[in-house]
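One structure is given below, encoded as structure tokens.
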Amino acid sequence: MGEQERMFAGLYLCSTGLDLDIKEQVRKIVVACGGRFQDDLDAETTTHLIAEAAGSLKHRAAVAHELPVVSPRWVFESFRAEKLLDVKDFGLRVLEGLGICTAGLTMEEKETVAQLAETHGAQYDGRLELGFTSVLIAQHPEGAKYEAAVANDIPVVHIGWLYACLEGQMLVDEDEFALRPEAEEVSLQPTFIAVNQQKEAQELVNELPEIVTRHRRNQNEKDEEEDEDGDEDWMELFDGCVFYLLGFPPRMNTLLQRLVRTGMGTIYHNVVIRQVTHVVVSASLSDKHTLEAIRARVIAANAEGEVHFVSAGWILDCVKCLDLQPEELYPVEFDVHAPEPEPGAAVGVPKVLIGAPVEQPVAEVQEEDNSEEVALSEDLLQIGDGSSILTTPEKASSKKKRTHIFAGYSFLLLCRNPEDKHMIKPMLKELRGERGGAEAIALAAIDFHLVDPEQFSFVSHAVVCNGAVMNEQEALKMQERIHSVQRDQRANEAEEDNDAELDEEDDRSRKRARHKPRQRMLQFVSDLWVNCSLAARTKLSFSSHELFGVSANYPRALFTSPVPLPGFRDVVASTSVYIGIEQLVVVELLRVAGAHVTRKLNTNNTHLICLKPWGMKFDKATKWGLHVVKARWVVDSLLQGKRLSEDIPDFQVVEGDESSSFTHLTSEETVMSQSSPRSSTT
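Heads up: the sequence shown at position 208 corresponds to 208 in the UniProt record's numbering, and the numbers run straight through without jumps.
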């Protein structure tokens, strides 16, 4: 008990919104274990806030000062475990404990709000109820619910508040999205954000040569290198950023594209989740439904932290400052327009200053009629798996369940050496960690046919790792023996489920049967598929890349030579033109071979792995005399177990060459060579 008595030593805890009995239990445990419990939150001394719901003044203050906010379970579970547990496992969800009601929304919007609310910790109820409703999301500032909310000081916001909370993963101040009476909105002065931004963009484009020169001079001072690129009109400012420009008129679109491409950024003409990093929204956007559809798509893909929604001001200020600025300082904002005059009314021209500050920049006087049918482009209507973004996604019971891409799976890594620190140890850590969320162990592949099927019946995926050698026929026999055990377990579980359903009085038994995961049958997969899925933060389809299917459902390693390969430790490579899953595969193969992979290309690189002979990286690599090769160089080197010459014709990047770097690896001849006599030895 000695360590337990000092478990909270040095910590100052405060609480908000707890029931008195729970608060007293927390206080007793904290004090008994050496900590301090305070009634008031002091940003200078408080180390943790204990809460069961978001939204209180203490909660907002703690978030603003980046203090950990955890549920009382953190205290109780730490006390039971006799050690301080990780606060990340007990944090509150974004909308934890809030009661959300809606008014005036379409049926689809109501269903979306209800799903998102419950997924992120809130409760949804279509009835406005005092003591329950924390916020009302409404379409118009009118109606019985609106009047009741205003009369009882319940915040009334438009739906943008919900998306802003989920995008920023924090509770946003309701005043920023307050739905105000039309009488107040009409008095707002019109603004000219879009006009000013286009004027500023034009000035920056005119000054680009001087800006590029200044950027290069700054970089040379940092790197202590001579300026070799004084005649080049580009700079590594937006390298790695992928933009989608939404709602800009043609002239502004052209100016932004010039700035982005000069900064080595990439522009997509549709929203590709996991690739687009910034959605830049025009202040003059007329179709807000398209923006909301994109936000919903990002949230449904659990990619809120990967896609930033910003105004054009972010690009402009990055160019002016020659450095990437914090995206949260450039939220999406829209011009406020003067109200349409009634027929026959005198039209007056208001005298306003360009860029005059406005109290509510996101407020809109003219609300769009939601009863009209809205047409969205096909690429906006589909998620990555082809399902509609308008379909309410499945409810997630917790944040962890959504972020763990392999939750409920058990992996057995069949490898050459279970203690390998190059590939096996890092893979085990990733699979067991926050991203993977699975069980994972490693075993020498040559011992797989000796395991006890009963003891390994929990395994759902046998990962055949690169460099592993095993007797394939014996491995298939072992798989069938494990399948036999797993089928018996499935049958037993089915019987238990039926018994539990018949026993209506035993509620606990029914719950246990309902929540117990179904036994998964063992299947063989490649470590390439596992690592690419981890990198993509989603479970990839075996059909999404030709190499994923080579060893799927068959105990065969993609490459049987030991890795890392001799000579690849000296390779510093970057990739170009490969995109999406193709790029993930190329980067992973380079890593397997032992190369160091960089996102940016500079004079320290030795290789550029390039699909086609064009682009800024290709031009710079050629100028600097780097090795420029196709991905096939890496593939064939892994096949032959050594670093091959970069000068072989098959590895050259040639205009018009559409051949795949991977097809030959999936051919029957190559598959048989990979199943050489040494791969069948035990």
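Just so you know, even glycine gets a beta-carbon here, dropped at the ideal spot from N, CA and C.
Buried or exposed for residue i, going by 16 or more other Cβ atoms inside 10 Å?
| i | result |
| --- | --- |
| Ile315 | buried |
| Met107 | exposed |
| Ile581 | buried |
| Asp21 | exposed |
| Pro326 | exposed |
| Gly263 | buried |
| Gly97 | buried |
| residue 690 | The structure shown does not extend to residue 690, since the chain is modelled only from 1 through 682, so no value can be given for it. |
| Phe132 | exposed |
| Arg73 | exposed |
Specify the secondary structure class of residue i as computed by DSSP and reduced to three states.
| i | result |
| --- | --- |
| Ser78 | helix |
| Gln325 | coil |
| Arg27 | helix |
| Gln652 | strand |
| His289 | helix |
| Glu44 | coil |
| Val280 | strand |
| Phe542 | helix |
| Ser15 | strand |
| Thr266 | strand |
| Glu419 | coil |
| Val87 | helix |
| Tyr124 | strand |
| Leu476 | helix |
| Gln382 | With a pLDDT of 36 at Gln382, under the threshold of 50, the predicted position of this residue should be treated as unreliable, though the coordinate-derived value follows. Three-state DSSP puts Gln382 in a strand. |
| Ala491 | helix |
| Ser484 | helix |
| Gln523 | strand |
| Val307 | coil |
| Phe243 | strand |
| Leu558 | coil |
| His449 | helix |
Which residue comes first and which comes last in the alpha helix (DSSP H) that contains residue i?
| i | result |
| --- | --- |
| Cys532 | Asp527 to Ala536 |
| Thr254 | Pro250 to Thr262 |
| Thr112 | Met107 to Thr119 |
| Leu622 | First, the residue type needs correcting, since residue 622 is Thr and not Leu in the sequence shown. Element bounds for Thr622: Met616 to Trp624. |
| Tyr146 | Ala144 to Ala151 |
| His158 | Run containing His158: none; DSSP gives neither H nor E here. |
| Val332 | Looking at the DSSP string, Val332 is not in any alpha helix (DSSP H), and its letter there is neither H nor E. |
| Val635 | Arg632 to Gln640 |
If you check the beta carbons only, do residue i and residue j fall under 7 Å apart?
| i | j | result |
| --- | --- | --- |
| Val205 | Arg258 | yes |
| Glu176 | Pro155 | no |
| Val592 | Val635 | no |
| Val30 | Leu49 | no |
| Leu41 | Ala64 | no |
| Thr276 | Tyr244 | Looking at the sequence provided, one finds Val at residue 276 rather than Thr. Yes; because the gap between Cβ atoms is below 7 Å, this pair is in contact. |
| Ala151 | Ala103 | no |
| Ala301 | Ile273 | yes |
| residue 683 | His545 | Residue 683 lies beyond the range of the chain shown here (1 to 682); nothing can be said about it. |
| Val629 | Phe651 | yes |
| Cys610 | Val577 | yes |
| Ile441 | Ser457 | no |
| Val525 | His461 | yes |
| Phe406 | Ala438 | yes |
| Asp335 | Ala178 | no |
| Glu333 | Ala283 | yes |
| residue 683 | Gln479 | This structure does not reach residue 683, given that the chain is present from 1 up to 682, and the question cannot be answered. |
| Glu52 | Gly17 | yes |
| Gly567 | Arg643 | yes |
| Ala631 | Ser661 | yes |
What is the residue span of the beta strand (DSSP E) that residue i lies within?
| i | result |
| --- | --- |
| Ala51 | His48 to Ala51 |
| Ser574 | Val572 to Ser576 |
| Leu136 | Val135 to Ala138 |
| Gly97 | Segment: none, Gly97 is in no beta strand (DSSP E) and carries neither H nor E. |
| Ile609 | His607 to Cys610 |
| Ile441 | Glu439 to Ala444 |
| Gln38 | Arg36 to Gln38 |
| Ala64 | Careful: Ala64 lies outside any beta strand (DSSP E), inside the alpha helix (DSSP H) at Leu57 to Ala64. |
| Ala462 | His461 to Val464 |
| Val629 | His627 to Val629 |
Of all the CB atoms in chain D, is at least one closer than 7 Å to the CB of residue i?
| i | result |
| --- | --- |
| Phe448 | Judged by its chain identifiers, the structure shown contains no chain D, having just a single protein chain. |
Examine the ligand ZN and report whether any of its heavy atoms sits within less than 6 Å of the Cβ of residue i.
| i | result |
| --- | --- |
| Ile193 | The ligand ZN is not among the ligands present in this structure, which contains no ligands whatsoever. |
Checklist entry - What are the complete beta strand (DSSP E) segments, minimum 3 residues, inside the segment 189 to 218? => result Note on the segment 189 to 218: there is no whole beta strand (DSSP E) run with a minimum of 3 residues.
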